[in-house]
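Right, one structure below, let's go through it.
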Amino acid sequence: MAPAAVLEHTEQPNINENFNDHRDGLALEATSDAVDEVNVLKAAMRVKNGNATKEEVDIYEKSQFDSEKDKTQFRQYEDACDRVKNFYREQHEKQTVAYNLKARNDFKSKTRAEMTIWQAMEKLNELIDESDPDTSLSQIEHLLQSAEAIRRDGKPQWFQLVGLVHDLGKLLFFYDARGQWDV
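In the numbering used here, the protein residues as written are 275 to 457.
Structure below.
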């Protein structure tokens, strides 16, 4: 249960107050981390006591889906094709603090596109990820492949969803990006 759910609230909320006026990202992160720690401890105790759900037991099991694959062959950037090497060279040259600050400012001041998750995935189908040395699949194929591998491994639905949406940030490429290096 979230910490706020167990505290008594004595003061009434001010309905004229903007929600964003009192946001504290660091405090939220600390609270989220503390909740995660408690949940991990609770699950570990249930596993130890023998009354854990299958999901709690299976989440930390090694992948069965690709158990025969040689993992040492993944993410070999030194041996990657020129497309991948050029991507990272350009990214490291251009992603400066000054550029980052400008990009954040630009992003805040723009109206963003609205679309469903599936529409976003279809939009990404136009993109081949220049940074990935392990695949030349389109992004929608990669997202579906990731989610399916997680599903076949018997991982929980929330994790399958993460596999499905993990690259949606790359949509920024289509909205005023200077290249894939800046998304």
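Positions of the beta carbon are idealized from the N, C-alpha and C atoms, including for glycine. These numbers come from a predicted model, not from an experiment.
So residue i and residue j are supposed to be a Cβ contact under 8 Å. How far apart are they, rounded?
{"i": "residue 432", "j": "residue 364", "result": "Contact doesn't hold; Cβ gap of about 35 Å is too wide."}
Over the uninterrupted alpha helix (DSSP H) stretch that includes residue i, give me the two end residues.
{"i": "residue 330", "result": "328-332"}
{"i": "residue 422", "result": "413-426"}
{"i": "residue 433", "result": "431-439"}
With a threshold of 8 Å between beta carbons, is residue i in contact with chain B?
{"i": "residue 312", "result": "Among the chains of the structure shown, chain B does not appear; only one protein chain is present."}
Less than 8 Å between the C-beta atoms of residue i and residue j, yes or no?
{"i": "residue 438", "j": "residue 417", "result": "yes"}
{"i": "residue 401", "j": "residue 419", "result": "no"}
{"i": "residue 362", "j": "residue 306", "result": "no"}
{"i": "residue 445", "j": "residue 397", "result": "yes"}
{"i": "residue 380", "j": "residue 450", "result": "yes"}
{"i": "residue 321", "j": "residue 329", "result": "no"}
Given 7 Å as the limit, tell me if residue i has its C-beta closer than that to any heavy atom belonging to the ligand MG.
{"i": "residue 353", "result": "The ligand MG is not part of this structure, which contains no ligands at all."}
(request) Would you list, in sequence order, the uninterrupted beta strand (DSSP E) runs of no fewer than 3 residues that lie entirely inside the region 340-392? (result) none
(message) Would you call the region 419-433 in contact with the region 387-396, where contact means no fewer than 3 C-beta pairs closer than 8 Å?
(response) no
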